[in-house]
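Residues 652 to 993 (this note's numbering) are what the sequence shown spells out, left to right.
Below is one structure, written out as structure tokens; the observations come after it.
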Amino acid sequence: MKRILIRVSGWHPSLPKAEVKAVLEAEGLVYDVILDSRMLMMIEADEASIKALERRCSYVRRIALWIASCRADPSSVMDAISKADLPSFMEPNRSFKVYAERIDPSMRGLRKRLEEAIGDAIRRRGFRVDLENPDYNIVCFLDSGLAHIGVQVSRIRFRELFLDRLPTRRPAVHPSTLQPDIARCLVNLSRARAGDRLLDLFCGVGGILIEAAILGCRVVGLDMDLEMLRRAEANLQGYGLVFEGLVRGDARKPPFSNIDRIVTDPPYGRASSTKGVNPVKLIEDFLQGAYDVVNRGGYLCFMSPVEFDASKLVEDTGFTILERYTQKVHGNLTREILVCRR
652 MKRILIRVSG WHPSLPKAEV KAVLEAEGLV YDVILDSRML MMIEADEASI KALERRCSYV
712 RRIALWIASC RADPSSVMDA ISKADLPSFM EPNRSFKVYA ERIDPSMRGL RKRLEEAIGD
772 AIRRRGFRVD LENPDYNIVC FLDSGLAHIG VQVSRIRFRE LFLDRLPTRR PAVHPSTLQP
832 DIARCLVNLS RARAGDRLLD LFCGVGGILI EAAILGCRVV GLDMDLEMLR RAEANLQGYG
892 LVFEGLVRGD ARKPPFSNID RIVTDPPYGR ASSTKGVNPV KLIEDFLQGA YDVVNRGGYL
952 CFMSPVEFDA SKLVEDTGFT ILERYTQKVH GNLTREILVC RR
């Protein structure tokens, strides 16, 4: 077991860290949370967790093997590095560079000083500085008066992960489709695993299905609009993804069984049409349909405007709410994300 530092995106106070935990659970990886603070986590887990997080997470930005934590001042970090078991992380006579990042906004004026102190301490241990092409990147996260130091093993850039799947770059587009990062996050929150049969009851042009298929799920999409299904097919095929089925039908009476995960974003009657059905009633009825087709122990993850009070509707169907998050989209829309289990 290793101690692993995970720097997550700060776009939402809880979803990025919830996604980390959901991915580890989905992959059956045992972990203990050592630190859970702002945009930084430290877990104790097998190194296999690094590959899982790197491959699946929308909102992980850096992953590092933990070396030391100490007070955020030059003498403390030099002392910590002098005592650290660097040979466990770095081969002798290799090169490195140091990058410090201020997570706590109150910790101003420390980055350069601590970068220099860490660099001096590592140089004294027999390693050499190379700012252009180092063998190792040493990261130092500054948070709550402490410096958390590690050897970076992964850096994930949003543009590299999602750029070619942004809605405007897909083969077929629609204004109401989800951005790929939130679609991926919803799939992860459902604890979906490769091989799971995952259903989107309001699939639209396939934003959720694309991300689930990339993760190895057997994806099935349902929509009342045949044109949407054609666009979803074009998008899935455009990315070379396999899908189990795209079906025209009513989410209130889904023609399926043996579904492991349901991940969906029902229409709110704004950018996406409810076909004349009251949107709250639509959510109430789709929840019952979802309960009827998802396997016992299966998960449902969906979004809804907070004013719809979907939590109450969920409880009335028999699902158990495991997690609830709110996200302000713009001045007129705050939505909640609900993770439920049958």
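Idealized CB from N, CA, C, for every residue including glycine.
None of the values given here were measured: they were computed from a predicted structure.
For the stretch 702-717 against the stretch 657-675, are there 3 or more C-beta pairs whose distance is under 8 Å?
-> yes
Taking GLU974 as the reference, which of GLY940, ASP794, ILE988 has the closest Cα?
-> ILE988
With a cut-off of 8 Å, do at least 3 Cβ pairs link the stretch 728-738 to the stretch 673-684?
-> no
Between GLU878 and LEU897, is the Cβ-Cβ spacing less than 7 Å?
-> no
Secondary structure at ALA751, three-state DSSP: helix, strand or coil?
-> strand
At which residues does the beta strand (DSSP E) containing LEU812 begin and terminate?
-> Unbroken run through LEU812 is the alpha helix (DSSP H), 809-813; no beta strand (DSSP E).
To the nearest angstrom, report how far apart GLN606 and PRO918 are at their CA atoms.
-> Outside the shown range of the chain (652 to 993) lies residue 606, about which nothing can therefore be said.
Alpha carbon to alpha carbon, how far is GLY679 from GLN939? Give it in angstroms, no decimals.
-> 29 Å
Measure the alpha-carbon distance for ASP998 versus SER720 and round it to whole angstroms.
-> In the structure as shown, the chain starts at 652 and stops at 993, and residue 998 therefore has no counterpart that could be examined.
With 16 other CB atoms within 10 Å as the buried threshold, where does THR971 fall?
-> exposed
In whole angstroms, what is the alpha-carbon distance linking ARG658 and ARG808?
-> 12 Å
With a Cβ-Cβ cutoff of 7 Å, do ALA768 and VAL728 count as a contact?
-> yes
Less than 8 Å between the CB atoms is what I'm expecting for ILE701 and SER805, so what's the real figure, rounded?
-> 6 Å
Report the residue from LEU782, LEU812, THR977 whose alpha carbon sits nearest the alpha carbon of HIS663.
-> THR977
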